[in-house]
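Asker:
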Amino acid sequence: MAEEKNMNDGLVVSHLRMAFGEKPILDGVELRVASGETLAIAGRSGAGKSTLLRCIACLESAHGGTASLDGQQYMADGDSILPPYQIRRRIGLVLQGYNLFPNMTALNNIVFPLIKVRAYSHRRAVTLATEVASMLEIKTVLAQFPNTLSGGQAQRIALARALVLQPRILLLDEITSALDPETAHSLVVAIRKLRDAEALVSEAASQSMGIVLVTHAFRFAETFADRIAFLSGGRLVEEYPAGQFRSHCQHEDAQRYLEFIT
Amino acid sequence: MGYDWDFSVFWPYAWAFVRGLVITIELSVLASVVGTILGILFGPVIRIQGISWWLLPFNDVLRAVPLLVLIFLFYYFPYQSILGIEPPSPFIAAFLALTLAQAVFTADLVRAAIDGVSQQTILGARALGLRESTIWWYIILPDILRQIAPAMVAFFIGNIKLSSLASVIGCQEIVFTARVAMGQTYRSLEAWLIVAAIYIVLVLPLAWAARQLERSEWLKRRT
């Protein structure tokens with residue numbers, strides 16, 4: 007039997023289903039992100055955006071659906087078929103609440119996963135962490151512990167520690183919620199720069215990573231993403247290139263959502 | 025009326041007091057350290073589903089028994105007829121009782137502390153692709169230690185004082201020494217004041233350390 011080879015690399019999710027009790031949250035999500043591409047997912051609060059990201063990263067078991075990364079299937083029937091930590095090493099996720107290690111300095115929050123997950127030497131990890139931190143403008147707070155960081159600083163530390171691990175796909179859950187528009191913009195610039203930065207392009211990451219971004223900040227999504235999809239009723243009901251979303255979208259929920267975007 | 029103070033009669037007992045002090049320190053430090061380690065190991069175990077339904081009440085039962093009764097149980101247990109082994113020395117019996125008490129209290133604190141570890145932090149660690157064992161060792165354990173540390177210092181102080189109970193089974197720690205010296209010199213007030221002073225010297229630095237710990241930044245590094 008000739009197996010059909012998936013020529014498209016990146017993340018492919020299909021028929022993803024998830025429910026809390028009787029209430030379906032995700033009801034057959036279809037999603038595709040090529041490497042180097044950025045997909046923004048918009049939707050109302052409680053639409054299941056965060057759940058979707060957690061299911062993709064195998065932090066939660068879905069109730070059905072498949073997912074594959076670079077042609078290799080890692081989820082069947084909603085459950086991971088590889089050890090979850092191996093999947094999460096290739097699919098990074100920055101959670102909404104930053105979730106830093108409270109017992110480690112900001113620097114060690116970035117360095118520790120590099121050493122444990124990527125087997126970096128301490129010295130190499132510190133060099134890379136410092137480099138990325140200066141791009142994200144958080145170099146001055148590296149010696150501080152998380153309980154002394156502002157929301158915006160903690161957010162960027164959380165982003166930095168996920169970025170340096172060079173995942174194939176990076177999932178970002180509301181990363182701009184603690185940031186003012188200007189900082190959010192500089193974050194976008196930094197992420198783009200990092201994606202192409204030489205320091206990060208190792209033999210493991212011959213292609214740049216894909217990004218899935220969940221956000222309420224629609225304008226942020228428009229400037230940052232290549233495509234925007236709208237999550238409603240447990241499905242991605244509309245999907246257009248970022249610049250065309252406003253003019254093309256027809257779904258009732260999405261239109262109502264857009265009415266409130268200033 | 026007037027009390028004729030005389031501490032000088034205790035000079036010949038100076039070395040006996042030092043030996044008693046050493047035994048008091050040995051007993052309380054050993055029991056504190058071994059009991060804490062056992063408790064930290066045992067704490068996660070009593071949460072395991074399937075055995076917690078009987079292990080948890082069992083732990084509660086052990087915590088309900090007064091230390092003096094535990095000491096008597098370990099000392100007067102019929103070792104020969106039931107286990108066929110030699111009975112332990114008073115020191116060993118007291119050590120076992122103090123260690124058991126420390127272990128069961130620590131285990132219960134650790135059990136509660138595990139539930140107190142931020143699920144968000146653990147989720148964040150998993151999201152980075154860290155293994156569960158790495159998360160336990162570097163994230164969960166440090167948080168548990170922060171949660172139980174203040175109570176632990178209080179327990180250590182308590183152990184120094186509670187080790188005096190070992191004197192009733194003939195363990196020659198400091199209270200036992202004082203009782204012997206008192207019996208031979210008939211100077212009860214002075215004897216007990218000396219003992220009280222020694223305990224104060226032992227305990228006050230720990231009490232001071234406990235206060236430093238309460239205020240420390242280290243303790244605040246958790247979510």
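Taken in sequence, the protein lines are chains R and S.
The numbering used here applies: residue 7 is where the first sequence begins, and numbers increase by one.
The numbering used here applies: residue 25 is where the second sequence begins, and numbers increase by one.
Cβ atoms here follow ideal geometry from the backbone N, Cα and C, with glycine treated the same way.
#1: By DSSP, does residue 69/R sit in helix, in strand, or in coil?
#2: Strictly under 8 Å for the Cβ-Cβ distance: is residue 144/S near chain C by that measure?
#3: Apart from the five residues on each side of it in sequence, which residues of its chain come closer than 8 Å, Cβ to Cβ, to residue 153/R?
#4: Would the beta-carbon of residue 54/R fall within 8 Å of that of residue 31/R?
#5: For residue 43/R and residue 15/R, I'd like the C-alpha separation in whole angstroms.
#6: Smallest Cα separation from residue 29/R: which of 52/R, 18/R and 39/R?
#7: The beta strand (DSSP E) with residue 21/R in it runs from where to where?
#8: The beta strand (DSSP E) that contains residue 84/R, what's its start and end?
#9: Hey, residue 58/R and residue 35/R are a contact pair by Cβ (cut 8 Å); roughly how many whole angstroms apart?
#10: Measuring only between beta-carbons, confirm whether residue 80/R sits less than 8 Å from chain S.
#11: By Cβ distance, which residues of its chain are closer than 6 Å to residue 254/R, with the 5 residues on each side in sequence left out?
#12: Per DSSP, residue 29/R is paired with what?
#13: At which residues does the alpha helix (DSSP H) containing residue 156/S begin and terminate?
#14: Taking residue 152/S and residue 94/R to be in contact with their CB atoms under 8 Å, please state how far apart those CB atoms are, rounded to whole angstroms.
#15: State yes or no: is the beta carbon of residue 167/S nearer than 8 Å to at least one beta carbon in chain R?
#16: Would you list, in chain order, the members of the region 122-142 of chain R that have their beta-carbon closer than 8 Å to a beta-carbon of chain S?
#17: Along the region 127-161 of chain S, what residues have a CB closer than 9 Å to any CB found in chain R?
#18: Where does residue 41/R fall in DSSP's three states?
#19: In terms of alpha-carbon separation, which member of 126/S, 219/S, 80/S and 83/S lies closest to residue 91/S?
#20: For residue 135/R and residue 170/R, which I take to be in contact (beta-carbon distance under 8 Å), what is that distance rounded to the nearest angstrom?
#21: Among 137/S, 31/S, 33/S and 35/S, which has the Cα closest to the Cα of residue 175/S?
#22: Say whether chain R places a C-beta atom closer than 8 Å to the C-beta of residue 164/S.
#23: Assign residue 188/S to buried or exposed, taking buried as 16 or more other Cβ atoms, counted over all protein chains shown, within 10 Å of its Cβ.
#24: Going by other Cβ atoms of all chains shown within 10 Å of its Cβ, with 16 needed for buried, is residue 159/R buried or exposed?
#25: For residue 220/R, list the residues DSSP reports as bridge partners.
#26: Just the Cα atoms here: how many angstroms apart are residue 123/R and residue 154/S?
#27: Between residue 225/R and residue 194/R, what straight-line distance do the alpha-carbon atoms span, to the nearest angstrom?
#28: Step through the CB atoms of chain S and report whether any lies within less than 8 Å of the CB of residue 9/R.
#29: Given a cut-off of 8 Å on the beta-carbon distance, is the pair residue 62/R and residue 178/R in contact?
#30: Does the Cβ of residue 209/R have 16 or more other Cβ atoms within 10 Å, making it buried, or fewer, making it exposed?
#31: For chain S, is any of its Cβ atoms less than 8 Å away from the one on residue 168/R?
#32: For residue 21/R, tell me which candidate among 117/R, 70/R, 127/R and 175/R has the shortest Cα-Cα distance.
#33: I'd like to know whether the C-beta atoms of residue 223/R and residue 244/R end up nearer to each other than 8 Å.
#34: Name the residue from 79/R, 217/R and 233/R whose alpha carbon lies nearest to the alpha carbon of residue 41/R.
#35: Can you give me the Cβ contacts of residue 35/S inside the same chain, cut-off strictly under 8 Å, excluding the 5 residues immediately before and after it?
#36: For the pair the region 64-83 of chain R and the region 226-237 of chain R, tell me if three or more CB-CB distances fall below 8 Å.
Answerer: On the basis of the data shown:
#1: coil
#2: Included in the structure are the protein chains R and S, with no chain C among them.
#3: 108
#4: yes
#5: 11 Å
#6: 52/R
#7: 17-26
#8: Careful: residue 84/R lies outside any beta strand (DSSP E) and carries neither H nor E.
#9: 6 Å
#10: no
#11: 246
#12: 26/R
#13: 156-159
#14: 7 Å
#15: yes
#16: 122 and 123
#17: 142, 144, 145, 146, 147, 148, 149, 150, 151, 152, 153, 154, 155, 156 and 158
#18: coil
#19: 126/S
#20: 6 Å
#21: 137/S
#22: no
#23: buried
#24: buried
#25: 47/R and 179/R
#26: 6 Å
#27: 12 Å
#28: Because the pLDDT of residue 9/R is 39, which lies under 50, any placement of that residue in the model is unreliable, and the number read from its coordinates should be weighed accordingly. No, residue 9/R lies away from the interface with chain S (no Cβ there is under 8 Å from its Cβ).
#29: no
#30: Annotation note: pLDDT 47 at residue 209/R (below 50); position unreliable, no value reported.
#31: yes
#32: 70/R
#33: no
#34: 217/R
#35: none
#36: no
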